[in-house]
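Participant:
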Amino acid sequence: MAGYSGTPLWKKLGYKAGVSAYVEGEPSNYISLLTLPADVAVTWLPRAKSDMEFVHLFATSASQLKSKLESVRKRIVPGGVIWISWPKKSSGVTSDITEDTIRDLALPMGLVDVKVCAVDEVWSGLKLVIRRTA
80 MAGYSGTPLW KKLGYKAGVS AYVEGEPSNY ISLLTLPADV AVTWLPRAKS
130 DMEFVHLFAT SASQLKSKLE SVRKRIVPGG VIWISWPKKS SGVTSDITED
180 TIRDLALPMG LVDVKVCAVD EVWSGLKLVI RRTA
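My numbering puts the first residue of the sequence shown at 80, with every later residue one more than the last.
#1: What's the C-alpha gap between Glu103 and Ala117?
#2: Suppose contacts are defined by Cβ-Cβ distances below 8 Å. Is Leu88 in contact with Thr114 by that definition?
#3: Starting from Asp199, follow its DSSP beta bridges and name the residues at the other end.
#4: DSSP three-state label for Ala120, please.
#5: According to DSSP, is Met80 part of a helix, a strand, or is it coil?
#6: Below 8 Å CB to CB, which residues in the same chain sit around Val98 once its five sequence neighbours on both sides are set aside?
#7: Could you tell me which uninterrupted beta strand (DSSP E) segments, each at least 3 residues in length, are contained entirely in the region 120-169, listed from first to last along the chain?
#8: Mind checking whether Ile163 and Ile155 have CB atoms under 8 Å apart?
#9: Whether or not the region 138-146 and the region 162-180 are in contact is what I'm after, with contact meaning three or more pairs of Cβ atoms, one per stretch, closer than 8 Å; do they touch?
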């Protein structure tokens, strides 16, 4: 369980029973970090596809993140979720990504951030959704 809230990671990220999820660049212990209960069955997509509802991207470089985000932005459904994870400064992992970097990339793509959470001791996560139009 990451963070201090006592809430399991799967719940913080919004995994629900029956969701299809595409995850890229994740740490090797990602599935064990989630601690998914038996009644929350997730279909793991082996590659990005059209009409995705849940995406979680891990990145350490802004240029890498930009291309990944552009690709999945075109494929996410209107009610879908994109989580972006980047290394915390305290992790010691070299990265040029900050929360502001993600916003700077996401906003011009019509995405807005709605939530932040700790994934584990190394990774933070920012939840993005498609901006609603007036």
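Glycine is no exception: its CB is placed at the ideal position from the N, C-alpha and C atoms.
Facilitator: Answer, in terms of the structure:
#1: The count along the sequence shown starts at 1 and reaches residue 103 at position 24. The count along the sequence shown starts at 1 and reaches residue 117 at position 38. Taking the straight line from one Cα to the other gives about 23 Å.
#2: Translated into positions along the sequence shown, residue 88 becomes position 9. Translated into positions along the sequence shown, residue 114 becomes position 35. For Leu88 and Thr114, yes; Cβs fall inside 8 Å.
#3: Along the sequence shown, read from residue 1 onward, the residue named residue 199 stands at position 120. None; Asp199 has no bridge partner.
#4: Counted from its first residue, the sequence shown places residue 120 at position 41. Here Ala120 sits in coil by DSSP.
#5: For the purposes of this step, residue 80 is identified with residue 1 of the sequence shown, where counting begins at 1. Note that Met80 scores 47 on pLDDT, short of 50, meaning its location in the model is unreliable; the coordinates nonetheless yield the value given after this. Reduced to three states, the DSSP call for Met80 is coil.
#6: Counting from one through the sequence shown, the residue named residue 98 turns up at place 19. Excluding positions up to five away in sequence, the list reads Val121, Thr122, Glu132 and Phe133.
#7: 122-124, 131-137 and 155-166
#8: As a first step, residue 163 must be located in the sequence shown, where it is residue number 84. As a first step, residue 155 must be located in the sequence shown, where it is residue number 76. Pairing Ile163 with Ile155 gives a Cβ-Cβ distance that is not under 8 Å.
#9: yes
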